[in-house]
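Colleague: First the structure, which I've put down as structure tokens, then a few questions once you've had a look.
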Amino acid sequence: MSRRPIVSDTVTWEFNATYLAASGERVPLPTSLRYDPVDPVAITMSMWVTDQRAVVWTFARRLFVDGSRRCAGLGDVRIRPLVRDRRRVLLVELTSPGGHALIELPANRVNDFIAHTYDLLPASAEDAVVERDLELRVLKGHTRS
């Protein structure tokens, strides 16, 4: 029997991001990042566009690590570091059939959040959690299709 990490702490951090409108306007955007070690490779970002409605995207945790150092991502999501008004930010570019958005995130908050997720579950333990999930699905008669 192999030893597998037991993890259960879900972490959510809230902060203000900035939506960069096509008009050049900079709009404050209440945002949260959420990490659940049950899905160890994913980070969920919720951006509250109204008091009642959030736009939710899920990213690979590694994308934030790579994007904090250099331009990273392909297709619908790209992240890159930059300095604006002497502040380090991460520029997140989101593309979907419904539109295109540029979001600035405070780099220090995102980097602290990501570091905290690796404290909860190191990258070296991700495979064990994913493997355990697959084993449970097989035992329950569910397989990925």
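For the sequence shown, my numbering assigns the number 1306 to the initial residue and increments by one for each residue that follows.
C-beta atoms are modelled at their ideal positions from N, C-alpha and C, and glycine is treated no differently.
1. Measure the CB-CB distance between residue 1328 and residue 1337 and report whether it falls below 8 Å.
2. Hey, quick one: how far does the alpha helix (DSSP H) through residue 1415 stretch, first residue to last?
3. Reducing DSSP to helix, strand and coil, say where residue 1388 ends up.
4. How many Å lie between residue 1396 and residue 1314 at the Cα?
5. Between which two residues does the alpha helix (DSSP H) holding residue 1343 run?
6. Return the CA-CA distance between residue 1386 and residue 1357, expressed in angstroms with no decimal places.
7. Out of curiosity, what's the CA-to-CA distance linking residue 1465 and residue 1383?
8. Check this for me: beta carbons of residue 1348 and residue 1374, under 8 Å apart or not?
Modeller: According to the structure shown:
1. no
2. 1412-1425
3. strand
4. 28 Å
5. No alpha helix (DSSP H) contains residue 1343, which DSSP labels as neither H nor E.
6. 30 Å
7. No answer is possible for residue 1465: the residues shown for the chain start at 1306 and end at 1450.
8. no
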